[in-house]
Amino acid sequence: TSRLSRDWHCTVTDVTARYAQINLQGPNSRALLQTITSRDLMKDFEYRRVEEIDIGLARAICTRITYVGELGYELFIPSEHAVYVYDKIVAAGEEFGLKHAGLKALGSLRLEKGYRDYGHDID
18 TSRLSRDWHC TVTDVTARYA QINLQGPNSR ALLQTITSRD LMKDFEYRRV EEIDIGLARA
78 ICTRITYVGE LGYELFIPSE HAVYVYDKIV AAGEEFGLKH AGLKALGSLR LEKGYRDYGH
138 DID
């Protein structure tokens, strides 16, 4: 505590209910996402990068990450824009053969790739 000033403050706020998460995973995820954002995803958007991007009229926190062994993105969207962004993704996804998959499918693909999840696969 000697390194901290008594004038410093920290606040932790639970924002869980403020955001929805949508994952785009697979070899066409970049091409699909590129059709609905003005952000050039080929330029300086390396693995594990986190950046706010536009998706139509909405903003989303975009993380280039994957747990399925393919190219992928996690999108964190303000709850009030989640349906709008989902609809944009589904409409754009028709061209790319978008398929819906649940969290259990993600877990199965993660295991197949050999990615371990602390607390589930290892302790």
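All the letters of the sequence shown, read from the start, carry residue numbers 18 to 140 under the working numbering.
Glycine is no exception: its CB is placed at the ideal position from the N, C-alpha and C atoms.
Owing to the predicted nature of the structure, the values given are computational and were not obtained by experimental measurement.
Here's a check: name, in chain order, each residue in its chain whose Cβ is nearer than 7 Å to the Cβ of residue i, leaving out the five neighbours to either side.
i: ILE94; result: TYR36, ALA37, ILE39, ALA75, ALA77, VAL102
i: LYS105; result: ILE53, ILE72, GLY73
i: ILE70; result: THR54, ARG56, ALA77, CYS79
Under 6 Å Cβ to Cβ from residue i, same chain only, skipping five residues before and after it: list those, please.
i: LEU126; result: VAL85
i: HIS98; result: ALA75
i: GLN51; result: LEU58
In terms of alpha-carbon separation, which member of the options lies closest to residue i?
i: LEU49; options: THR33, TRP25, CYS27, ILE72; result: ILE72
i: SER55; options: GLU68, ARG133, LEU21, ASP138; result: GLU68
i: GLU111; options: SER46, CYS27, ILE70, VAL32; result: SER46
Within 10 Å of its beta-carbon, does residue i have 16 or more other beta-carbons around it, so buried, or fewer, so exposed?
i: CYS79; result: buried
i: THR83; result: buried
i: ARG20; result: exposed
i: ARG66; result: exposed
i: LEU58; result: buried
So, residue i versus residue j, is the Cβ gap smaller than 7 Å?
i: GLY43; j: GLU87; result: yes
Note down, in chain order, each residue of its chain lying with its Cβ closer than 8 Å to the Cβ of residue i, except the 5 sequence neighbours on either side.
i: LEU123; result: ASN40, GLN42, TYR84, VAL85
i: LEU128; result: ASP138
i: SER96; result: ALA34, ARG35, TYR36, ALA37
i: GLY89; result: ASN40, LEU41, GLN42, GLY43, SER46, ARG81, ILE82, THR83
As an exercise, report each continuous alpha helix (DSSP H) stretch of at least 4 residues that is fully enclosed by the segment 81 to 130, in chain order. Taking only runs of at least 4 residues, the alpha helix (DSSP H) segments lying wholly in the segment 81 to 130 are 99 to 110, 120 to 130.
**Item:** Within the segment 25 to 89, ranges of the alpha helix (DSSP H) (whole runs, at least 4 residues)
**Value:** 46 to 51
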